[in-house]
């Protein structure tokens, strides 16, 4: 089945450690997104990529980094500079921006601090 | 992007239609209306979207008023598995913007046996 796969489902980070969250899609979508969701809150955009080898900062990019070397993959690294990383991380993808193409989401990765 | 207003919660009897309203009185001509739902600890699930005309798919129907200032999501035969938080979002669709979705507080739909 086509879809978006995020892994791992749960992740624990030690102080000073970088961790990488995986996001893979087989929908042949051009655009991919990373959001963060805190308890009882809406989604906030971290990074987005509209095409391979290009990505842009969202509203809360500090302490995060991404790469987009392949169309189907958009990994997110939570660096030690992110002082409050505990959250639910959601990856999404869409065909593009025009004609209202909707975003489709993965099932998320829940990151916690040890 | 235009702001939306939804009731915080609604109940619906299993097997009956669930009608979820959304006000977006400041919507502009090039903004689409999207509906998503989120079940606890899962990613948001896309349901349906539209610009001007009413839309229907296998999950739901979307009714947009002629002035586009409000819309209603209809789940024709609600089941217990439809219990979730439902989000109405309006967004400009153009290559010049980030494409980010702004999720408000949504409507918590409780389907009861």
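Residue numbers (my numbering), protein chains in the order written: chain B, 1 to 114; chain E, 1001 to 1113. C-beta: ideal position from N, C-alpha, C; glycine also.
According to DSSP, is residue i helix, strand or coil?
{"i": "residue 45(B)", "result": "strand"}
{"i": "residue 30(B)", "result": "coil"}
{"i": "residue 114(B)", "result": "coil"}
{"i": "residue 1011(E)", "result": "strand"}
{"i": "residue 1080(E)", "result": "helix"}
Using the beta-carbon count (16 or more within 10 Å), is residue i buried or exposed?
{"i": "residue 12(B)", "result": "exposed"}
{"i": "residue 38(B)", "result": "exposed"}
{"i": "residue 31(B)", "result": "buried"}
{"i": "residue 102(B)", "result": "buried"}
{"i": "residue 1039(E)", "result": "exposed"}
{"i": "residue 1044(E)", "result": "buried"}
{"i": "residue 1067(E)", "result": "exposed"}
{"i": "residue 4(B)", "result": "buried"}
{"i": "residue 6(B)", "result": "buried"}
{"i": "residue 2(B)", "result": "exposed"}
{"i": "residue 27(B)", "result": "exposed"}
{"i": "residue 1077(E)", "result": "exposed"}
{"i": "residue 1047(E)", "result": "buried"}
{"i": "residue 1080(E)", "result": "exposed"}
{"i": "residue 1015(E)", "result": "exposed"}
{"i": "residue 1064(E)", "result": "buried"}
{"i": "residue 1005(E)", "result": "exposed"}
{"i": "residue 25(B)", "result": "buried"}
{"i": "residue 1089(E)", "result": "buried"}
Between residue i and residue j, how many whole angstroms is the CB-CB distance? I'm expecting something under 8 Å.
{"i": "residue 55(B)", "j": "residue 36(B)", "result": "Between residue 36(B) and residue 55(B) the Cβ distance is about 16 Å, and since that is not below 8 Å, they are no contact."}
{"i": "residue 85(B)", "j": "residue 113(B)", "result": "7 Å"}
{"i": "residue 76(B)", "j": "residue 20(B)", "result": "7 Å"}
Segments assigned beta strand (DSSP E), at least 3 residues, entirely inside the segment 1038 to 1066 of chain E: 1045 to 1050 and 1061 to 1064
Inter-stretch contact at 8 Å, needing at least 3 Cβ pairs: the segment 1051 to 1061 of chain E / the segment 77 to 95 of chain B: no
Cβ pair count under 8 Å reaching 3, the segment 1005 to 1016 of chain E against the segment 1104 to 1112 of chain E: yes
Cβ contact check for the segment 58 to 75 of chain B and the segment 1020 to 1030 of chain E: 3 or more pairs under 8 Å: no
Length at least 3, wholly inside the segment 46 to 84 of chain B: the beta strand (DSSP E) runs in chain order: 54 to 57, 64 to 66 and 76 to 78
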